[in-house]
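Chemist: Take this structure first; my questions come after.
In the working numbering, the protein residues as written are 1 to 620.
See below:
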């Protein structure tokens, strides 16, 4: 089926959705009138009420979509005088794609290039066109690769894809809003099934449009360049995600942020310092499988399809794409300043961010160890001296099993090595001997006054052997590290640095229904209504309500480290009894009708508590 026919079918199905909804509404209305005419009593009244609910839901959904206001335009505008070479390139590519030039070019913070058009009459009448170009792509791509990417986007203009896209997008928004308003009743269920079919057809239209736009890309940039650009985009996206989590995220959770100039400046350093890693990733075979729900074909399939597309004769421009934007660093800082809302955080340079943030992150890890050590030692709190005393008295295995319950005795010391290095590192920093140094090619390094790494691994191994603990303390003292300074700061676990693995709606926790986010460090539990419809949306709203640590702090947070023993009563739906260190038992019961954030959210929950299970897990 051609793209035009698929698009026409998509539009017809959009119309059909509302024809079906109105037909069902008319049918309900007719049934209501008949029921009242036959004096059906309370039955007629209930049917009439149901009809009104459906009618109101339909009107409210259409009103929401019709009244939806567009989000403010992101990024920074580049006028022709700001970036003459970029505009000249875009004009050339628009001419090749036989479409008019965008009215506006904006630099944005995303790893993306995209087009949009302000249309009327559901996309049938065109309007102002915008071209968005992500700063990370300009940093990572060559001019030739950027021509390929922009040619692809303008290729959508050439085929009127943006107008059809407006119909599809607004149609999907209207359908989903209608289904959400009518959820929980029979009409809503029927319309939901129809909506799934609509999404399938519109996704098929989108995939075909991508291949058509790829033809322009190959023609204006050459086949090999187009293929390399297609491979590069997900790689840059992966690098950016890593950079956000490991570098920006380090300061973010500790009250710091990079300066506007350093946001994209740091990413440039990452691309340079980790070039070998990126080169290795480029050698990996691209994925050739995609879901029928995907709006884009798999990259491997698109690369293969390009082999049969005609290419033009082009000169490959290997200059970095950033040359297309004069004063690139200044423009990047402007984009960062608008895109990154640092709130109350302090903006500092990268080295300062590392020096101030790493001690806080390491202290939280140390506190986790000290809480475990306090339980083993039977104390209210603990410190490095407590840990060393546990080693001296042969209780290292008991300490390690607080965190790795299934560890074998011969493996306990090796399993504890990262933790003992953290404890010694916090002692070094608190003694004024150690300083954290930023590294773009690897993790931050803890160095001594001479700038060289401290020998904490070597000393740590001595500290984990009862016969050499005192030697370890002497070595530390010789370096000026006072073990008495390594103390516990927090007695309560937090969710700082945690990642969200899944979510389960309408779980019964001690008999009361809760929405539960599953973290890699514990469970965030919020009381919820008994109604199961909309559970996934509630979970999404919960995880988007703030930083993970803040969300956990403002709700009930059960850290996995607080569990002494877990009993899995049933694997599916999940039923488990969690016995805490203080003897409290928390009973968790997943309901059959509860929605999930991801399909494997129940498995993420079981994986989190499984280390504390002592008996055989029953089958689901």
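C-beta atoms are modelled at their ideal positions from N, C-alpha and C, and glycine is treated no differently.
Given the structure is predicted, the values throughout are model-derived calculations rather than measurements.
From the DSSP output, read off the bridge partner residues of residue 436.
Modeler: What you label residue 436 is simply residue 436 of the chain shown in a count that begins at 1. DSSP output for residue 436 lists 446 as bridge partner(s).
Chemist: What residue does the beta strand (DSSP E) around residue 112 start on, and which one ends it?
Modeler: Against the chain shown, residue 112 aligns to sequence position 112. First-last for residue 112: undefined, no H or E at that position.
Chemist: Taking all protein chains shown into account, decide if residue 34 is buried (16 or more other Cβ within 10 angstroms of its Cβ) or exposed.
Modeler: As a working mapping, residue 34 is identified with position 34 in the chain shown. The residue is exposed, with fewer than 16 neighbouring Cβ atoms inside 10 Å.
Chemist: Could you pull out every residue in the same chain whose Cβ sits closer than 6 Å to the Cβ of residue 111, ignoring the five residues on either side in sequence?
Modeler: For the purposes of this step, residue 111 is taken as residue 111 along the chain shown, with counting starting at 1. Cβ neighbours of residue 111 beyond the five flanking positions: 134, 136, 236, 237, 240.
Chemist: Starting from the N-terminal side, write out each stretch of the alpha helix (DSSP H) that is 4 residues or longer and does not extend beyond the region 451-488.
Modeler: The region 451-488 contains these whole alpha helix (DSSP H) runs: 456-463, 469-478.
Chemist: Using the C-alpha atoms, what's the distance from residue 353 back to residue 258?
Modeler: Within the chain shown, numbered from 1, the residue matching residue 258 stands at position 258. Within the chain shown, numbered from 1, the residue matching residue 353 stands at position 353. So the alpha carbons of these two residues sit roughly 7 Å apart.
Chemist: Determine the direct distance from the alpha carbon of residue 550 to that of residue 260, and round the result to whole angstroms.
Modeler: Stepping through the chain shown from its first residue, residue 260 is reached at position 260. Stepping through the chain shown from its first residue, residue 550 is reached at position 550. Approximately 24 Å, taken between the alpha carbons.
Chemist: Between the alpha carbons of residue 3 and residue 322, how many angstroms are there, rounded?
Modeler: In the chain shown, the residue the question calls residue 3 occupies position 3. In the chain shown, the residue the question calls residue 322 occupies position 322. Confidence at residue 3 is low in this model, with a pLDDT of 48, below 50, so its placement is unreliable and the value that follows should be read with caution. Each residue's Cα considered, the two are about 35 Å apart.
Chemist: What ranges does the beta strand (DSSP E) occupy inside the region 315-400, keeping only unbroken runs of at least 3 residues that lie completely in it?
Modeler: If we require 3 residues or more, the beta strand (DSSP E) runs fully inside the region 315-400 come out as 346-348.
Chemist: Decide if the region 439-450 is in contact with the region 393-411; the criterion is three or more beta carbon pairs, one per stretch, under 8 Å apart.
Modeler: Because the criterion of three Cβ pairs below 8 Å is not met, the region 439-450 and the region 393-411 do not touch.
Chemist: Can we say the region 361-369 touches the region 482-498, given the rule of at least three CB pairs closer than 8 Å?
Modeler: Judged by Cβ distances under 8 Å, the region 361-369 makes contact with the region 482-498, as three or more pairs qualify.
Chemist: Around the C-beta of residue 515, are 16 or more other C-beta atoms found within 10 angstroms, so that it is buried, or is it exposed?
Modeler: Residue numbering aside, residue 515 sits at position 515 when the chain shown is read from its first letter. Looking at its Cβ environment, which holds 16 or more other Cβ atoms inside 10 Å, residue 515 is buried.
Chemist: Between the region 551-559 and the region 494-502, are three or more C-beta pairs nearer than 8 Å?
Modeler: They touch, by the three-pair rule.
Chemist: What does DSSP give as the partner residues of residue 517 in its beta bridges?
Modeler: Here residue 517 refers to the residue found at position 517 when the chain shown is read from its first residue. Bridge partners of residue 517: 503, 524.
Chemist: Across which residues does DSSP place residue 256 in a beta bridge pair?
Modeler: Translated into the one-based positions of the chain shown, residue 256 becomes position 256. Answer by DSSP bridge pairing, in chain order: 346.
Chemist: Report buried or exposed for residue 371, applying the criterion of at least 16 other Cβ atoms within 10 angstroms of its Cβ.
Modeler: Looking up residue 371 in the chain shown gives position 371. When all chains shown are included, residue 371 counts as buried.
Chemist: With a cut-off of 8 Å on the beta carbons, I'd call residue 221 and residue 147 a contact; round off their distance for me.
Modeler: Indexing the chain shown from 1 puts residue 221 at position 221. Indexing the chain shown from 1 puts residue 147 at position 147. Residue 221 to residue 147, Cβ: 5 Å. Contact.
Chemist: Hey, is the region 534-542 in contact with the region 573-592, meaning 3+ C-beta pairs nearer than 8 Å?
Modeler: No: fewer than three Cβ pairs fall under 8 Å.
Chemist: Quick check: what's the CA-CA separation for residue 203 versus residue 510?
Modeler: Taking the chain shown and counting its residues from 1, the one referred to as residue 203 is at position 203. Taking the chain shown and counting its residues from 1, the one referred to as residue 510 is at position 510. When rounded, the distance between both Cα atoms is 43 Å.
Chemist: Return yes when the Cβ of residue 464 is within less than 8 Å of the Cβ of residue 416, no when it is not.
Modeler: Counted from its first residue, the chain shown places residue 416 at position 416. Counted from its first residue, the chain shown places residue 464 at position 464. Their beta carbons are under 8 Å apart, which means residue 416 touches residue 464 by this criterion.
Chemist: Can you list, in chain order, the residues of its chain with a C-beta nearer than 8 Å to that of residue 303? Leave out the 5 residues immediately preceding and following it.
Modeler: Position 303 of the chain shown, counting from 1, holds the residue named residue 303. Once the five neighbours on either side are set aside, the close Cβ partners of residue 303 are 227, 230, 231, 286.
Chemist: Where does residue 359 land, buried or exposed, given buried means 16+ other C-beta within 10 angstroms?
Modeler: Mapped onto the chain shown, residue 359 falls at position 359. Buried is the call here.
Chemist: Would DSSP call residue 97 helix, strand or coil?
Modeler: Within the chain shown, the letter at position 97 stands for residue 97. In this structure, residue 97 counts as coil in the three-state DSSP scheme.
Chemist: Which residues does DSSP list as the beta-bridge partners of residue 508?
Modeler: Reading the chain shown from its first residue, position 508 is the one you call residue 508. 513, 589, per the DSSP bridge assignment.
Chemist: If we count the other Cβ atoms within 10 Å of its Cβ and call it buried at 16 or more, is residue 540 buried or exposed?
Modeler: Along the chain shown, one-based indexing puts residue 540 at 540. Exposed, because fewer than 16 other Cβ atoms sit within 10 Å of the Cβ of residue 540.
Chemist: Can you give me the C-alpha to C-alpha distance between residue 410 and residue 402, rounded to a whole angstrom?
Modeler: Taking the chain shown and counting its residues from 1, the one referred to as residue 410 is at position 410. Taking the chain shown and counting its residues from 1, the one referred to as residue 402 is at position 402. Distance between the alpha carbons of residue 410 and residue 402 is about 16 Å.
Chemist: Per the DSSP calculation, residue 571 is bridged to which residue(s)?
Modeler: Taking the first residue of the chain shown as position 1, residue 571 is located at position 571. Paired residue(s): 574.
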